[in-house]
Amino acid sequence: MTHRSLYLKIFSAVIVFGAWEIAGRIPVSYAFPTFFESMAALGRMAFDGSLWQAYAETLKPLAIGVAISAVTGNAMGLWIGLSKFFDWLFSPIFIVMQAAPLAALIPLLVMMYGIGLTSKIFVVCIMAMPVIVLNTAGAVRNTPTSLTEMGRSFQASWWEVILKIIIPAASPVIFSGLRLGVSAGFIGAILSELKITPTGVGDIITYSRSIADYASMYAAIFSIILLAVLFLNLLERLEHYLFEGNTRGYASD
Amino acid sequence: MAMPQTNHAMDQSSPVTQDIAVSAHNVSKNYGPVEALKDLTLEFPRGQLTSLLGPSGCGKTTLLKIIAGLLEPTAGEVQVDGKAVTGPGPDRAFVFQDFALLPWASVIRNVAFGLELRGIAKTEREDIAEKYIKDVGLSGFEKSFPHELSGGMRQRVGLARALSVDADVLLMDEPFSAVDEQTRRKFQEDLLALVANENKTFIFVTHSIEEAVYVSDQIAILLPRPSRVSDIIRPTGLREKDSHSIRRDPEYLDIVDEIWDSLRTYVE
């Protein structure tokens, strides 16, 4: 089974990259390099170290922002989900945050926090936090009543009900919120590097586009997508490891 | 499955002199303007099974949850062994209509969950759980997850969990309503054996007249809006019968008819 799905994954990758290669060879646009040209550019940047330098820069706001969003987002979500009052108080803020077009807010953030790391962390948090908070709150609010009643009937304390029943019961939705939040965080990190100051991977994208080195530009885009996918896979594995029975046999291998 | 003579003797004694395990005194429960229960008084004899039977919306589950300590009565009091109920306690265990199993936990962890919450060490509680898993006939499924089991097997897990905490009073909220007809019959037979073998008090909510008459020592008929006890029926001759011949017994059929006559006007 594992082998078969591994082959299928390789197969679908071959199709996508093959289509990319063909589209690059036609070419569909002068600005669209082939797959192999892009990979060569990726290899070159990896060897001369510029890729790693760029990631050292990009990962700073990304990691800090995602960590803040995950920890405070889940805590806030739990709090909002448990209490009607905090739901009433805080939910609208996150709904507005989720609906707001972020690019329009960036100038405001720059005015308040400058062009440094703080603004970029803010962008990542604004992107990642609402979906994490709202998913967690919704999942906690919708914990099956009979499960919490079961806990209480066996004399669970308030904390035991939260730790042993509510959080595990909410975990599938909490994790799907985390996955969405983390992907939004990746978007935020790149957006901030394109919109605030070109640093890291955003710098590679902006700079190589300005000198018409499209292979490097696509290589940078490809690498950030790859990183995001790998990270999401890691999250899924963590979920599967923590709450085995919850995945009902549908977890990816 | 012949019933032990002790139970037979108990059936003959009058309800007044019986040992009362659980009693509800003038219990009322309002949800806002709606009166779910009004001034309800009822006694549950020790070691016997009492059914709460009535049309839907008659507050039988509300009464059960008040006895469990999950709901607060608006007025009145429930006593278990003479002590007033202020919340859930180790003397009562609950079996849920929808099983209320933890989907992320294996069968053995689910069965041991009541003991886990009581702070029993892991090896000890799993030994106890193992015994009850065997008793309900689920040996070999210890490592399975609830979604891998049939509805009937899931309720066996719920029953094993309630039995494993060794409470004196077992509260069952329509425990067999979510399983198929054949499994339900098997459960009813098993329940008769359980009542006979365990010295526990069973309080059993059901909406099935046949089920209530089949398994009960005492049937409390509740009528709705607001809920009150309209009648208490104590089958006298059914306990000595073989579990297979109860349904053909004239007394069984008469009681079923009698109950249906009193309930039919309340069913829309």
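In order, the protein sequences belong to chains A and B. Number 107 in this note's numbering belongs to position 107 of the first sequence; there are no gaps in the numbering. Number 6 in this note's numbering belongs to position 6 of the second sequence; there are no gaps in the numbering. Cβ coordinates follow ideal geometry from the N, Cα and C atoms, glycine included.
Between the alpha carbons of residue i and residue j, how many angstroms are there, rounded?
i, j, result
"A251 of chain A", "G188 of chain A", "Low confidence applies here, because A251 of chain A scores a pLDDT of 36, under 50, leaving its location unreliable; read the following figure in that light. Going from the Cα of A251 of chain A to the Cα of G188 of chain A covers about 28 Å."
"P4 of chain B", "Y31 of chain B", "Per-residue confidence for P4 of chain B stands at a pLDDT of 45, beneath the threshold of 50, marking its modelled position as unreliable; no derived number is given."
"D249 of chain B", "A156 of chain A", "45 Å"
"I255 of chain B", "P235 of chain B", "8 Å"
"F32 of chain A", "L149 of chain B", "54 Å"
"G18 of chain A", "I108 of chain B", "50 Å"
"V314 of chain A", "G81 of chain A", "No information on residue 314 of chain A is available, as it lies outside the stretch 1 to 253 that chain A covers here."
"D253 of chain A", "L242 of chain A", "Only weak support exists for where D253 of chain A lies, its pLDDT of 35 falling under 50; the coordinates are left without a value."
"N7 of chain B", "V157 of chain B", "Note that N7 of chain B scores 43 on pLDDT, short of 50, meaning its location in the model is unreliable; the coordinates nonetheless yield the value given after this. The alpha-carbon atoms of N7 of chain B and V157 of chain B are separated by roughly 28 Å."
"V111 of chain B", "T206 of chain A", "59 Å"
"I22 of chain A", "T34 of chain A", "7 Å"
"V229 of chain B", "D135 of chain B", "35 Å"
"R25 of chain A", "A215 of chain A", "13 Å"
"I121 of chain A", "A56 of chain A", "14 Å"
"K122 of chain B", "K241 of chain B", "42 Å"
"R184 of chain B", "V173 of chain A", "34 Å"
"S139 of chain B", "A193 of chain B", "19 Å"
"K9 of chain A", "Q155 of chain B", "40 Å"
"K200 of chain B", "G151 of chain A", "22 Å"
"D39 of chain B", "S153 of chain A", "24 Å"
"F47 of chain A", "F222 of chain A", "17 Å"
"A137 of chain A", "L263 of chain B", "44 Å"
"Y113 of chain A", "S210 of chain A", "28 Å"
"L159 of chain B", "S177 of chain B", "14 Å"
"S119 of chain A", "F141 of chain B", "54 Å"
"A209 of chain B", "D261 of chain B", "Per the sequence shown, the amino acid found at residue 209 of chain B is Ile instead of Ala. Computed Cα separation, rounded: 11 Å."
Which bits of chain B does residue i rub up against, with CB to CB less than 7 Å?
i, result
"E37 of chain A", "Within chain B, no residue comes near E37 of chain A; the closest Cβ sits about 47 Å away, beyond 7 Å."
"F243 of chain A", "W104"
"A139 of chain A", "Those do not exist, as A139 of chain A stays about 13 Å from chain B at its closest Cβ, beyond 7 Å."
Rounded to whole angstroms, how far is the Cβ of residue i from the Cβ of residue j, which I believe are closer than 8 Å?
i, j, result
"V131 of chain A", "G181 of chain A", "5 Å"
"A220 of chain B", "L42 of chain B", "6 Å"
"V215 of chain B", "L253 of chain B", "16 Å between Cβ atoms; not a contact."
"I126 of chain A", "L102 of chain A", "6 Å"
"G65 of chain A", "G185 of chain A", "6 Å"
"G87 of chain B", "G69 of chain B", "4 Å"
"S146 of chain A", "D98 of chain B", "5 Å"
Run down chain A in chain order and give the residues with a C-beta less than 7 Å from the C-beta of residue i.
i, result
"A68 of chain B", "S153"
"A160 of chain B", "The premise fails here: A160 of chain B is roughly 13 Å from chain A at the closest Cβ pair, so nothing lies under 7 Å."
"G114 of chain B", "F154"
Name the residue from the options whose alpha carbon lies nearest to the alpha carbon of residue i.
i, options, result
"L117 of chain A", "A:S216, A:I196 and A:A220", "A:I196"
"R46 of chain B", "B:V179, B:D39, B:A112 and B:D81", "B:D81"
"T143 of chain A", "A:Y55, A:A184 and A:I162", "A:I162"
"L52 of chain B", "B:K241, B:E258 and B:E211", "B:E211"
"L227 of chain A", "A:L59, A:R44 and A:S38", "A:L59"
"V124 of chain A", "A:I221, A:S183 and A:A41", "A:S183"
"A169 of chain A", "B:V169, B:A105 and B:S144", "B:A105"
"E239 of chain A", "A:G138, A:G114 and A:R179", "A:R179"
"L238 of chain B", "B:Q79, B:F145, B:Q218 and B:K65", "B:Q218"
"G43 of chain A", "A:Y218, A:F85 and A:S119", "A:Y218"
"P226 of chain B", "B:L102, B:P55, B:S177 and B:V213", "B:P55"
"K131 of chain B", "B:F145, B:L163, B:I120 and B:G152", "B:L163"
8 Å is my cut-off, CB to CB: does residue i come that close to chain D?
i, result
"A63 of chain A", "Any reference to chain D falls outside this structure, whose protein chains are A and B."
Which residues in chain A have a C-beta closer than 8 Å to the C-beta of residue i? List them in chain order.
i, result
"F96 of chain B", "S146, E149 and M150"
"A100 of chain B", "P144, S146, L147, E149 and M150"
By the criterion of Cβ-Cβ separation under 8 Å, what are the contact partners of residue i in chain B?
i, result
"E160 of chain A", "L117"
"P130 of chain A", "Residues of chain B passing the Cβ test: none, with the nearest at roughly 27 Å."
Give me the chain B residues within the contact set of residue i, using Cβ-Cβ distance strictly less than 9 Å, ordered along the chain.
i, result
"P27 of chain A", "Correct list: empty, because the minimum Cβ distance to chain B is about 51 Å."
"P168 of chain A", "L102, P103, W104 and A105"
| request: Select from the region 162 to 191 of chain B all residues with a C-beta closer than 7 Å to any C-beta belonging to chain A, and list them in chain order. | output: Residues of the region 162 to 191 of chain B whose Cβ lies closer than 7 Å to any Cβ of chain A, in chain order: V165.
| field | chain A contacts made by the region 59 to 93 of chain B, where a contact means CB separation under 9 Å | value | Flagged, chain order: K65, A68, G69, L70, G87, P88, G89, P90, R92 and A93.
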